[in-house]
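These notes concern the structure reproduced below.
Number of protein chains: 4
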Amino acid sequence: MKVEKAKGKLGILIPGMGAVGTTLIAGICAINREMALPIGSLTQMGRIRLGKRTEDNKPLIKDLVDLHPVKDIVFGGWDVFEDNVFESAFHADVLDKKLLEDLRPELEAIRPMKAVFDKSYAKRLNGTHVKERNTKMELAEALMQDIETFKEQNNCDRLVMIWCGSTEIYIEEGPVHETIESLEDGLRNNHKDIPPSMIYTYAAVKLGIPYANGAPNLSCDIPAIIELAKQTGSPIAGKDFKTGQTLMKTILAPGLKCRALGISGWFSTNILGNRDGEVLDDPDNFKTKEVSKLGVLEEILEPSLNQELYKDLYHKVRINYYPPRGDNKEGWDNIDIFGWLNYPMQIKIDFLCKDSILAAPLALDLVLFLDLAKRAGMSGIQEWLSFYLKSPQAPQGVTPINDIFKQQIKLENTLRYIAGEDLITHLGQDY
Amino acid sequence: MKVEKAKGKLGILIPGMGAVGTTLIAGICAINREMALPIGSLTQMGRIRLGKRTEDNKPLIKDLVDLHPVKDIVFGGWDVFEDNVFESAFHADVLDKKLLEDLRPELEAIRPMKAVFDKSYAKRLNGTHVKERNTKMELAEALMQDIETFKEQNNCDRLVMIWCGSTEIYIEEGPVHETIESLEDGLRNNHKDIPPSMIYTYAAVKLGIPYANGAPNLSCDIPAIIELAKQTGSPIAGKDFKTGQTLMKTILAPGLKCRALGISGWFSTNILGNRDGEVLDDPDNFKTKEVSKLGVLEEILEPSLNQELYKDLYHKVRINYYPPRGDNKEGWDNIDIFGWLNYPMQIKIDFLCKDSILAAPLALDLVLFLDLAKRAGMSGIQEWLSFYLKSPQAPQGVTPINDIFKQQIKLENTLRYIAGEDLITHLGQDY
Amino acid sequence: MKVEKAKGKLGILIPGMGAVGTTLIAGICAINREMALPIGSLTQMGRIRLGKRTEDNKPLIKDLVDLHPVKDIVFGGWDVFEDNVFESAFHADVLDKKLLEDLRPELEAIRPMKAVFDKSYAKRLNGTHVKERNTKMELAEALMQDIETFKEQNNCDRLVMIWCGSTEIYIEEGPVHETIESLEDGLRNNHKDIPPSMIYTYAAVKLGIPYANGAPNLSCDIPAIIELAKQTGSPIAGKDFKTGQTLMKTILAPGLKCRALGISGWFSTNILGNRDGEVLDDPDNFKTKEVSKLGVLEEILEPSLNQELYKDLYHKVRINYYPPRGDNKEGWDNIDIFGWLNYPMQIKIDFLCKDSILAAPLALDLVLFLDLAKRAGMSGIQEWLSFYLKSPQAPQGVTPINDIFKQQIKLENTLRYIAGEDLITHLGQDY
Amino acid sequence: MKVEKAKGKLGILIPGMGAVGTTLIAGICAINREMALPIGSLTQMGRIRLGKRTEDNKPLIKDLVDLHPVKDIVFGGWDVFEDNVFESAFHADVLDKKLLEDLRPELEAIRPMKAVFDKSYAKRLNGTHVKERNTKMELAEALMQDIETFKEQNNCDRLVMIWCGSTEIYIEEGPVHETIESLEDGLRNNHKDIPPSMIYTYAAVKLGIPYANGAPNLSCDIPAIIELAKQTGSPIAGKDFKTGQTLMKTILAPGLKCRALGISGWFSTNILGNRDGEVLDDPDNFKTKEVSKLGVLEEILEPSLNQELYKDLYHKVRINYYPPRGDNKEGWDNIDIFGWLNYPMQIKIDFLCKDSILAAPLALDLVLFLDLAKRAGMSGIQEWLSFYLKSPQAPQGVTPINDIFKQQIKLENTLRYIAGEDLITHLGQDY
């Protein structure tokens with residue numbers, strides 16, 4: 000495959016500069032100053048096996064494919080609060096205060112543009128740093144204007160947009176989302192099924208900019224945007240960063256299934272105290288997240304094919320707003336399994352994690368891989384990036400894959416394919 | 000590949016008819032009477048995807064390849080206690096007493112032959128149902144005589160042997176294990192580095208019988224036996240059933256690694272109260288198990304290639320004999336991980352499992368797949384069966400694979416290969 | 000104190016013969032046949048220290064005070080389903096099926112009387128074995144008739160009633176509950192703030208029968224009933240059996256407080272799958288339970304007196320209906336504490352318990368101690384039985400005590416007082 | 000009781016200025032500067048109820064009895080390393096680095112005196128800042144000289160010594176410990192059963208200085224020292240700070256016992272990575288700690304009196320050196336309990352604690368209460384301070400009490416007794 004060179008500056012545009020966004024930005028600053036390492040990022044730290052097992056050839060991924068270097072990134076974005084990135088990171092209370100002080104001048108220089116926001120899609124948020132226009136189409140045009148200005152002022156060669164904002168209320172795919180025309184009509188008529196996140200998506204994809212969606216909002220997971228992405232040559236990837244509990248679930252469920260162990264129940268609860276937790280404390284917003292989180296087991300376990308093992312699985316997911324924890328999320332899972340002759344056993348998993356620490360490297364990888372895809376001429380849904388997503392979009396006609404290890408093989412074989420290397424099957428009959 | 004048909008009766012010979020062996024036997028009886036299901040067994044319950052994702056073709060494994068049917072199995076074995084299978088299962092206290100009563104006549108009919116045993120290799124065991132001979136070679140010959148008699152009396156078409164006995168004291172590979180000649184000399188001279196388990200292995204492999212090793216004893220993992228297996232056309236698979244904690248570890252570690260998350264420590268402790276726990280309470284026997292359990296992380300994580308992530312990993316494994324639990328083992332793991340900018344997080348896993356319930360279906364699968372391999376003309380190390388083993392044997396020159404998902408791909412692609420189906424790469428660029 | 004002798008038969012009347020009630024009844028049958036032990040019951044197994052530490056005198060409680068013997072108990076009750084006790088215990092799936100079969104004739108002989116029930120107080124219940132009358136007062140009279148008939152037919156010397164039925168919807172104390180007159184008017188006028196449980200309470204207390212309340216319903220915790228209890232000489236004890244999670248909480252919280260450790264958050268979640276779980280899945284019924292469960296920390300920790308330690312404590316309780324578990328409840332608690340210089344620490348508790356197994360011995364103790372109180376001439380609120388209750392009633396003007404160890408001292412010193420023994424202060428300056 | 004006034008300066012002398020000692024010292028500095036709170040310390044934060052429940056009178060303990068104020072404390076001590084307190088605290092890595100920097104001048108000014116040390120009692124320690132003398136008696140005399148010098152130079156009114164050093168190897172009480180004479184002979188003859196810690200104890204008690212022992216070493220728990228303490232009027236308190244896991248155990252075990260719940264097994268494991276963990280990695284030193292930790296259940300549960308409940312309890316304690324954690328100890332407990340009709344249940348406790356954060360306030364309380372006792376004319380074993388100790392010393396002829404709630408009552412009633420207040424029995428028949 001022919002891939003254009005990654006030259007000049009890459010602009011990363013972030014709608015929602017809260018905990019995740021600022022952890023990404025401050026992290027990149029710290030990494031570029033060699034104060035810290037980009038742990039958790041495949042594009043920066045990951046290796047990939049090439050050739051036969053006996054060749055022992057496992058280069059860094061960034062040495063196999065031409066990824067944009069992190070030192071040549073500039074950040075911009077929008078937020079409903081006017082805090083600069085230093086202030087926002089300070090309030091998010093994810094990173095060490097001393098580190099933030101060291102990076103203060105750089106971080107203070109990044110100030111959010113006024114956001115497209117509508118409180119009816121996120122009742123617990125009270126932002127004031129907000130654009131006022133008559134129609135959603137005018138808001139989209141204002142965003143496109145922001146983007147063009149940003150690109151010019153920062154002298155960017157290319158841009159990528161990644162949604163790091165809140166989870167909006169639950170919206171199902173409807174007629175307005177069906178075609179480019181219906182969507183554009185809806186934008187002009189302020190259709191209620193077009194939430195703010197979708198306006199950002201439209202703006203980015205309309206301009207041919209790669210777009211990733213870190214929340215479970217519909218956003219780019221509608222036919223209109225998928226079609227538009229193909230027309231404008233925009234690669235897209237959504238939806239919802241696969242971090243804490245769902246990450247563990249899509250690691251563990253394939254492991255239980257590969258051993259044909261039955262599962263009668265899976266109870267997942269979370270406690271977290273950041274702004275994300277506050278927004279999800281509203282049932283309408285939780286619904287969006289719940290749907291995203293519940294789907295993964297069904298697809299991995301295929302209860303219709305494996306009835307004795309999974310048809311009675313009772314799956315429950317709870318998220319509890321619990322302020323003492325801030326961003327230090329904790330996920331507790333109880334899994335009721337059964338084995339030989341149906342004897343029951345139990346697994347408990349307690350994951351003491353940090354939400355934004357897990358999400359930031361995914362955001363970086365998505366951005367850099369989408370930029371690679373763009374330069375490789377790939378557009379539309381990038382299924383090989385499912386690896387990073389809780390509720391991945393798949394091409395029409397196939398079921399999305401949630402098993403993280405199948406996602407990994409798909410990602411790795413795609414990288415090998417882009418680089419012209421042999422795919423790997425692990426057959427190994429020749430040793 | 001050409002595979003002989005699975006006809007007649009298959010004899011399963013089990014050295015060590017304790018908790019695992021009797022759970023396997025009683026389970027097969029219950030399953031054949033349709034009183035229970037073979038949950039946890041891929042050969043009985045598992046499916047495999049064939050062709051493209053859009054074809055949606057996922058037959059049962061046993062419909063893809065010709066596996067010996069469980070209704071045509073006969074069991075035999077050896078033990079240091081003379082209890083019949085009903086009595087032994089009753090004392091093991093794994094299965095429901097009512098179920099055992101229902102199967103009583105069948106189980107009572109199976110009586111162990113006198114074992115080859117030497118207390119110095121398992122100090123906590125006090126068996127009396129033991130063969131007396133002058134040399135280890137004479138013991139091997141006595142076993143071979145037992146095998147021939149069993150085959151004839153039970154009118155078996157083919158046999159497989161699977162070690163379900165105790166963990167012996169730690170022995171390192173030495174000169175006596177190097178060649179067939181040195182091993183046979185050792186057997187004649189009662190060399191101390193030839194423990195009882197190795198005598199069984201020699202007897203089976205010498206007769207061309209497929210052999211699986213469910214314990215961490217050296218057994219078939221020595222050059223002499225590997226060479227002999229090739230000569231006699233015996234497929235072999237070792238070592239140590241991958242059940243509770245190590246199963247979880249080889250599920251989770253690939254998941255953390257695929258996301259480039261760092262690990263600073265992994266502490267694993269177990270409590271169990273069965274005979275296995277009692278034997279492992281002796282430090283010499285624990286050493287054997289510890290080596291088997293410790294190895295997996297190193298291979299999966301490759302700290303030499305991923306120094307920032309894994310070079311300081313402190314890995315500790317403990318096994319505690321704790322009688323209140325009997326066979327209801329509990330494994331507790333604490334994993335100290337770190338992410339973006341080296342921020343620390345923690346994962347705890349509590350696995351309330353049943354040792355023999357997890358092991359029995361592995362034993363069944365190993366036996367049936369080894370029999371398939373034999374009929375397919377495959378001999379020596381069957382690396383595709385690593386999937387079932389804690390410390391798998393690999394062909395000379397390559398490192399064993401412990402990542403359960405790579406093991407699964409290897410197993411599945413081997414089955415596809417045997418059946419003449421396309422291998423699967425998950426690239427999917429054609430959708 | 001003068002205590003009448005415990006002679007003849009004691010009748011235990013149980014409104015709600017579900018999991019708890021049948022586990023109590025079947026348990027007493029099994030214990031009387033010497034098939035099992037009354038573990039968890041102080042009246043049957045507990046000891047009490049008397050005199051000085053050096054005297055080493057710790058008799059059984061039942062040897063200190065004259066408790067009614069369990070062999071002379073007869074059971075009766077009401078339920079909304081007409082299942083006999085064997086059938087109900089079988090469906091509750093708490094006790095071993097073989098044990099129930101052994102007790103079958105005895106259990107089948109106990110059939111519930113028609114219940115007083117109104118679906119609007121427990122929407123998830125669909126009972127049909129229900130009394131029909133025009134007014135709540137008529138229902139109360141029908142219950143009193145049932146009671147008299149039962150006493151006569153079973154030749155009982157004395158009776159005790161204990162509510163083992165469901166949690167009803169949340170009702171606050173209101174004017175109708177203020178005086179005996181207002182309550183009796185309410186009964187005649189079908190006042191909506193008089194739920195079925197209160198009708199049982201009225202019937203029992205009106206007849207001078209000791210009454211205990213195992214659910215968080217208001218029941219006997221209203222001025223009218225307290226007054227009536229004094230008039231009729233009925234000892235009463237409520238409310239809500241202190242079993243699983245709250246038991247642990249009132250054990251642990253005093254332990255943290257006695258060390259002056261701070262607490263910033265306490266998150267408690269439960270999974271259970273029995274009928275209780277199903278009823279509590281309705282928010283109106285959960286509210287009643289939640290209020291009962293939330294109160295204990297406030298009283299134990301006294302945040303107003305210990306502001307630096309507890310004023311910011313965030314306490315959250317969740318109950319999740321999770322059918323795979325049945326009666327095998329699991330409570331998971333996360334406690335965020337802080338120590339010296341405010342450094343944070345965490346405690347997690349996972350309690351794999353059995354709801355009815357924990358509740359049954361409490362029900363037995365409450366019944367036998369209430370009968371003792373009645374014979375000792377004690378009436379009204381029995382605060383010394385707070386030990387068994389999640390949301391105990393206290394005399395007017397004092398705050399209820401939830402610290403289980405203070406409750407224990409109160410219970411033990413009351414028993415010493417009844418028996419004329421010295422109270423114990425643990426000063427021990429004389430050793 | 001008559002208590003002398005707490006005037007002038009109180010000198011706290013600490014053998015072993017490692018993690019606990021420096022956390023205490025730095026903490027007191029921070030508290031005196033109002034930078035932090037003495038959470039976990041009863042003498043500073045705790046309240047005590049006086050009079051009847053209706054009086055609602057709960058003053059601070061320090062307002063009830065005359066405790067020495069923390070602003071008038073001076074610190075001194077000995078260590079085998081010559082690091083000053085700033086350096087030692089920095090390496091211990093317990094407290095925030097920024098806090099230590101803020102306190103640097105004060106902490107640097109405190110330099111340890113040369114220690115009495117003998118590597119054969121703590122093989123994993125390699126100290127060099129050590130006194131050299133010919134006999135143990137000469138070492139004791141050197142310590143007494145140090146003490147006198149310190150008192151004079153710092154102008155102290157009174158002194159208290161508290162052992163915060165390592166756990167030494169296991170030594171059983173023997174003839175040398177029987178009388179003052181035998182002990183003094185042993186000191187002169189370098190008897191091997193007199194470890195360094197006992198030399199400090201002798202020096203302090205000989206001078207009439209109150210002495211507390213924070214480790215499980217024999218120290219003041221021998222007849223010779225108890226006798227000497229009475230002669231010289233020294234109050235003593237030992238042994239072993241009751242912090243993490245044992246604290247939880249003596250909270251929970253009384254809770255289970257008070258409900259007559261049976262216990263079949265209690266498995267306790269710890270992971271920690273500080274110097275304490277390193278020392279305990281040696282089996283001889285672990286033995287000392289194990290004996291201290293194992294004893295508590297036996298005394299609380301009284302299996303000989305409660306055979307059906309506790310006679311088969313299998314109690315196992317493990318400590319694992321696990322460097323990734325440093326001072327952030329984690330204790331995991333599994334408790335197998337059984338209830339009504341012997342049905343089994345399980346409790347798991349995971350305590351993520353900080354060793355020195357839990358120990359420092361105990362050290363402070365012990366020091367201040369011992370000083371109070373000295374001024375009140377109390378000498379010898381102070382059983383009311385058992386509350387703070389894992390393996391408390393009791394007067395001859397009585398069993399030590401480990402139940403933390405009985406210990407608390409004893410402590411509180413002792414304080415009421417000293418202050419001339421009524422003792423509390425919780426009977427409450429008068430409300």
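Protein chains in written order, with numbering that gives the first Met the number 0: chain A, 0 to 430; chain B, 0 to 430; chain C, 0 to 430; chain D, 0 to 430.
Each residue gets a CB set at the ideal place from its N, CA and C atoms; glycine is no exception.
Item                                                                                                                  : Value
Best match in G75(D), C219(D), Q144(D) for proximity to E177(D) [C-alpha to C-alpha]                                  : C219(D)
Pick from S196(A), V19(A), I250(A) that is closest to Y169(A), judged by C-alpha positions                            : S196(A)
Anticipated Cβ contact below 8 Å, I346(B) with I356(B), distance rounded                                              : With 8 Å as the limit, I346(B) and I356(B) do not qualify as a contact, their Cβ atoms being about 25 Å apart.
Environment of M44(B) [buried if 16+ CB atoms lie within 10 Å]                                                        : buried
Same chain, Cβ closer than 8 Å to V278(A), neighbours up to 5 away in sequence not counted                            : A121, R123, L124, S165, T166, N284
Within chain D, the residues that K347(B) reaches when beta carbons sit closer than 7 Å                               : D349
Cα-Cα separation, P394(C) to K1(C)                                                                                    : 23 Å
Cutoff 9 Å: R317(C) Cβ touching any chain A Cβ                                                                        : yes
Contact residues within the region 352-363 of chain D, judged by C-beta distance below 7 Å to chain C                 : C352, K353, I356, L357, A359, P360
N-terminal and C-terminal residue of the beta strand (DSSP E) that A211(C) is part of                                 : 210-212
Segment contact, 8 Å Cβ cut-off, at least three pairs: the region 318-338 of chain D with the region 76-95 of chain D : yes
Residues that Y321(D) contacts on chain B, provided the C-beta gap is smaller than 8 Å                                : G264, F266, Y313, K315
Chain-ordered neighbours of E329(D) on chain B, where CB pairs are closer than 7 Å                                    : N333
Residues that A259(C) contacts on chain D, provided the C-beta gap is smaller than 7 Å                                : I38, G39, S40, L41, M44, G45
Distance CB(W162(B))-CB(P111(B)) smaller than 9 Å                                                                     : no
Cross-chain neighbours of I270(A) in chain C, by beta carbon under 7 Å                                                : F266, N333
Spatial distance of I109(B) from N83(B) (CA atoms)                                                                    : 6 Å
Residue span of the beta strand (DSSP E) that contains D332(B), given as start and end                                : 329-337
Within chain B, partners of K57(A) - CB distance below 9 Å                                                            : E301, L304
Secondary structure of K135(C), DSSP reduced to three states                                                          : helix
Close-in-space but distant-in-sequence residues of the same chain around M143(D) (CB under 8 Å, 5 per side omitted)   : A202, K205, L206
Span of the beta strand (DSSP E), counted from its first residue to its last, around Q345(A)                          : 343-351
CB contact below 9 Å: D123(A) versus chain C                                                                          : Note on residue identity: the sequence assigns Arg, not Asp, to residue 123(A). No, its Cβ sits nowhere closer than 9 Å to a Cβ of chain C.
Buried versus exposed, by CB contacts within 10 Å (16 or more), N133(D)                                               : exposed
Segment limits, alpha helix (DSSP H) that includes A91(C)                                                             : 84-91
Whole-angstrom distance between L293(D) and S303(D), CA atom to CA atom                                               : 17 Å
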